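A short worksheet on the structure shown next.
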Amino acid sequence: MKRVLPVLLALFIGTSAYAQAPGGSAVAPTPANAAESVPKADPTSGSNSPTMGDAGSATTGNNQATSGSAGTGSGSAATSNAPAPAGAKGPQPKAWYDVLADKPIEEQGTFWMPKAVNQAADESDMMFYAVLALSIFFFVAIAVAVVYLTIKYRHRPGHKAEPSAAHNDVLEITWTVIPTLICVFLFWYGWHSYIRVVTPPNKAVEIDVLAQRWNWTFTHENGVTDSDLHIPANVPVRLVMTSKDVLHSFYAPAMRVKQDVVPRRYTYAWFNATKPGTYRLTCAEYCGTSHAQMACLDVDPVTDHCNRRAVVVVHKDLEEYERYLNDKVADQMNMAPVDLGKMLYDKKGCSSCHTVDGSARVGPSWKQPDWGKDIQIVGGTVKMDENYVRESILYPAKKARPGFPNSMPPFEGQLKDRELDGLIAYIKSLKQ
Amino acid sequence: MATTEAFPESLKSLPQAPVTEPDFLHVSKGWKSWAFTLDHKRIGMMYLFGILFSLLLGGSFALLLRTELWSPGRTIVGPDTYNQFFTLHGAVMVFLVIIPGIPAALGNIIMPIQLGAPDVAFPRLNLASFYLWVSGAILLVLTIPFGGLDTGWTLYTPYSLETHTAVMVATMGVFLLGFSSIFTGLNFLVTIHKFRPQGMGWFQLPLNIWAIYGTAIMQVLATPVLGITVLLLTVERFAHIGIFDPTMGGDPVLFQHFFWFYSHPAVYIMIIPGMGVISELISTYARKPIFGYRFVAYSSLSLALLSFLVWGHHMFVSGQSRLANMVFSALTFTVGIPSAIKVFNWVATLYKGDIRLKTGMLYGLSFLLLFTIGGLTGLFLGILSVDVHLHDTYFVVAHFHYVMMGSTLVAFLGALHHWWPKFTGRMYNESLGRTCAIGVFIGFNTTFLPQFVMGARGMPRRYWDYDPQYQIFHQISTIGAFILGISLFIVVCYLMASFWTGAKAARNPWGGSSLEWQAPTPPTLYNFEKPPIVHELYNYDDLVEVAPDRWERLSDAPEYQGAVPVASGSKEHH
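Sequence order for the protein chains is X and F.
Heads up, the final residue of the first sequence is numbered 432 in my numbering, and it's a clean run with no missing numbers.
Heads up, the final residue of the second sequence is numbered 1574 in my numbering, and it's a clean run with no missing numbers.
The following block contains the structure:
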């Protein structure tokens, strides 16, 4: 049967589409494949050579990224993020792993679908194209029959309906049995490929996923948290997911993985990414106001369009993934409070509701000219200071601001004291 | 056959049988004669105007949300308003337009006449159903001033337990609408069982009545589950008893089971009456008996029963067990088979026919093509592994619009045009009718075909903002939506205009063979001035077009009495 499908496909969609679709992922990734993708991951491969894998400080991490991109001179995303001179007060240069995550999404594919980069999705893609071919065949057959019969037997002067059999058991049974056989076949292969998509191998890198309005928090083995999902290529990754509030759904189109995330329950997803790069990550279960901008890290000030949302970053190998884990821990430990606050603003989903330019969105802006003064809250006033900000992060409903929906989730238990200090420092830094 | 070869000149002036009684529109006057009417036709007309108004409302929300999607980010409104647009669009269209569209409105007007009955079995219950519908509709519309509704029409927990919008108003509305639907179904079941005239056995029932019968079974059996579900949701919202609320040990996914246990059969409550209508349209305008009558009748019933067993296919990625997924996937494919049988039979009916492309037939043929696309794309979603990718994307949106709008609403429009002359007594503008039917077909496909591509490329549904790669598809879709919206608006306009400007309709303008065409146009209070003659079903041999849009049965002409062989059922009346 596996030989028949490609033939069907070739007939109805054309070989080029087929070759693009399941071809790449049907074959187990070879070293040659990996080698081809090396130039794309250049900035990082540059940082790979000085084997400082588990090195400590944030500055070394950043320098690696800069030297890498400067060296190749090709990574446009990396060069555009070229850091300000060291020591100058200003925005911190981005860490190499965030530069990777900022790279434009690369999801080439056919007219119909982005190319699958999950090894387990090859059969399901083949099913998609097979059913597409089948559907086009049946639709064309029925449409041609309808149009042909309508023209041939249209009413015109002198034309009359002719008698014909009102039923024909042989015909009826034929067109009952054929769809039945097709359906049995489709069900069986659908089930077979589904089991492949949902059954992880015994050994896999496990990552905890917490979904909440409107952010993803991915927690790795060593405690590193991030709203971009960093994973190694060619290694099975298993996600253990739960939600803090309402239903969400983890959906990475290029991985062909979708799984609802349910509060107070764990659901699972896994995949084995075959190609390094950045891929889209979306929420597919409606979760309220910013459902469409789940984990948005950069909102366009004019249109409110989300320019950069959390992504799946596939590192080229396990080694690079481990370096991400180590560098990220170190960076989070050594950041200045203001920078930590800025980083958390991007990574905890704060930016999907709060601006830093003084304009209101779902929530009040973090740029508060009223710092230190009394401000209006529902049912009274309160002094806008460190204590108020801290309380509003941990228990937002307690002293809500008038004119804003009371929809912020409480962050109690989710932020360390150092992180709270960072957020407060960042908000204070915006007040001018 | 021989009788239709040539008909005498005298027949061209065949008078309509004299109608001494006033028709049902003029039998009594004043608003009370409508508000307290027990006449199924007047109740049906009131439903129809309510539904057309709701269609306008739901359609406006559709155009607003399509306009918002013209560009990524903000085009006209922010995300909260957009979320309300799609929720209200869905809730209004599903609960107020598509579910009651064919059964409650056109079913009420036509079904008893088609059956040869003077009214439904329980006229007072019928009126009560209508007022339940009105109350439910008012509550659902009242959600707009009471803070809107932003849960999606599916009301999934736990979001619907937390949102600050008017969920309670909406659930109470849905609860009342559910009872309206149950009572209507009950009424029709009894009517079809008990009010058939002499000579009309089960297999002399027009397929439209078979479809309404299948629908009524589902309405009675499935809708109570919806009532219980929204009641539990309401109780959970104000009393916090922990059924669905995970923080109290409840199970949010349980709500999805309850909801789809009703809402999947509801999809068939929407589509099966459409299939019934299409059987009538294709047979009448092709001048042929429907091919494989019994297969089509049985497939309506088997769809009605199978639809109860497939609700879990809405939950393949909800976290339900793999075993459940396997069972539901297998059962889902069984639904495809009766649907395929129907399509093949409709196409085969065209063979050797004499196809008249009236407005009704254009909608009939549109249905065939659109339902085929809707059905075939359902295969993608029944396949477990493919559904994982396509679930909750625009592919699903396009698929169910092809079924619910492309099929059900197109069938509703076809039915409206087919029976409009019968119950209003007026002809509408036929060329405008045909133009708009083509406009609907083009507008619909322009709107929803691009959404299949977007969905397969991974565009999730219910998204206010989207990746720029989808913009071109969204723009095509929005243009299509406006073509569709304008076409539908013109349809409503010329139909309304026909009350004042339309030519008087003949008793049988399309040459239909079922009993409603024997009734006066418009029918009298009790539908028939004399007991209807049950001819052989879908036999058009005996009908001749004596003038444009005016058909007479030769056997009814006085000079031909007894000369033409008529079906066995008619003998008792002579």
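Don't be surprised by glycine CBs; every beta carbon is placed ideally from N, CA and C.
All figures in this text were calculated on a predicted structure; none of them were measured in a lab.
query = Taking P1273(F) as the reference, which of I1099(F), L1055(F), T1524(F), L1381(F) has the closest Cα?
reply = I1099(F)
task = Sort D1549(F), Y1402(F), T1154(F) by Cα distance to R1356(F) and report the nearest one.
result = D1549(F)
query = So the alpha helix (DSSP H) R361(X) belongs to, where does it begin and stop?
reply = Unbroken run through R361(X): none, as it is neither H nor E.
ask   = Is any beta-carbon of chain X found at less than 8 Å from that of R1237(F)?
value = no
query = In this structure, does DSSP put L430(X) in helix, strand or coil?
reply = coil
task = Give a single yes or no on whether A1506(F) has its beta carbon closer than 7 Å to a heavy atom of the ligand ATP.
result = What this structure holds is no ligand at all, so the ligand ATP is not there to describe.
query = Along chain X, in chain order, which residues have C-beta atoms closer than 7 Å to that of N1429(F)?
reply = Result: empty, since nearest Cβ-Cβ is about 20 Å, beyond 7 Å.
ask   = Span of the beta strand (DSSP E) holding P232(X)?
value = 229-232
At least three beta-carbon pairs within less than 8 Å, the stretch 1165-1179 of chain F to the stretch 1101-1119 of chain F = no
inquiry  = Mapping the DSSP letters down to three states, classify G1116(F) as helix, strand or coil.
reply    = coil
key: DSSP-derived helix/strand/coil call for I1212(F)   = helix
inquiry  = Along the stretch 1444-1474 of chain F, where does the CB come closer than 9 Å to a CB of chain X? Name the residues.
reply    = F1452, V1453, A1456, R1457, G1458, M1459, P1460, R1461, R1462, Y1463, W1464, D1465, Y1466, D1467, P1468, Q1469
ask   = Among G1319(F), L1205(F), L1365(F), which one has its Cα closest to the Cα of V146(X)?
value = L1365(F)
key: Extent of the continuous alpha helix (DSSP H) run through T1283(F)   = The amino acid at residue 1283(F) is misidentified as Thr; the sequence shows Ser. Here the alpha helix (DSSP H) through S1283(F) covers 1252-1286.
task = Could you work out which residues of chain X lie near R946(F), taking near to mean beta carbons separated by less than 7 Å?
result = With chain F represented from 1001 up to 1574, any question about residue 946(F) goes unanswered, as that position is not in the structure.
query = If L247(X) and Y1156(F) are in contact, beta carbons under 8 Å, what's the gap, nearest whole angstrom?
reply = 6 Å
request  = Identify each residue in the stretch 1376-1388 of chain F for which the Cβ-Cβ distance to at least one residue of chain X is less than 9 Å, and report them in chain order.
outcome  = L1376, T1377, L1379, F1380, G1382, I1383, L1384, S1385, V1386, D1387, V1388
inquiry  = Just to check my reading of the structure: G1276(F) and N1208(F) have Cβ atoms closer than 8 Å, yes? What is that Cβ distance to the nearest angstrom?
reply    = 4 Å
Alpha-carbon to alpha-carbon, R280(X) and H1417(F) = 47 Å
key: For R280(X): DSSP bridge partner residues   = V311(X)
message = My output table needs one value for A292(X): the three-state DSSP class, helix, strand or coil.
response = helix
inquiry  = Tell me the rounded alpha-carbon separation between M126(X) and T225(X).
reply    = 36 Å
request  = Please confirm if D300(X) has its CB atom under 8 Å from at least one CB of chain F.
outcome  = yes
Strand pairing of V299(X), partner residues [DSSP] = C306(X)
inquiry  = Closer than 8 Å is the cut-off here; do at least three beta carbon pairs connect the stretch 1083-1099 of chain F with the stretch 1142-1162 of chain F?
reply    = yes
key: Element boundaries [beta strand (DSSP E), containing E206(X)]   = 205-212
query = Candidates D1354(F), K1352(F), S1300(F): which alpha carbon is nearest G1336(F)'s?
reply = S1300(F)
inquiry  = Quick check on F1482(F): does DSSP put it in helix, strand or coil?
reply    = helix
key: Simplified DSSP state of W371(X), which is helix, strand or coil   = coil
key: Partners in chain X for V1077(F), counting only beta-carbon separations shorter than 9 Å   = Within 9 Å Cβ-Cβ: nothing; V1077(F) doesn't reach chain X, min ~11 Å.
inquiry  = Against G1406(F), what residues of chain X qualify as contacts under a CB-to-CB distance less than 9 Å, listed in chain order?
reply    = Those within 9 Å of G1406(F) in chain X number zero; the least Cβ separation is about 13 Å.
message = Am I right that P405(X) and V362(X) are in contact with their C-beta atoms under 8 Å? What's the rounded C-beta distance?
response = 7 Å
key: C-beta atoms of W1551(F) and K1358(F) nearer than 8 Å   = no
query = Would you say H1164(F) reaches chain X, if we count a Cβ-Cβ gap shorter than 8 Å as a contact?
reply = yes
request  = Would you please state the rounded distance, in angstroms, between the beta carbons of R1461(F) and D1387(F)? I believe it to be under 8 Å.
outcome  = R1461(F) to D1387(F), Cβ: 14 Å. No contact.
query = With 16 other CB atoms within 10 Å as the buried threshold, where does T1424(F) fall?
reply = buried
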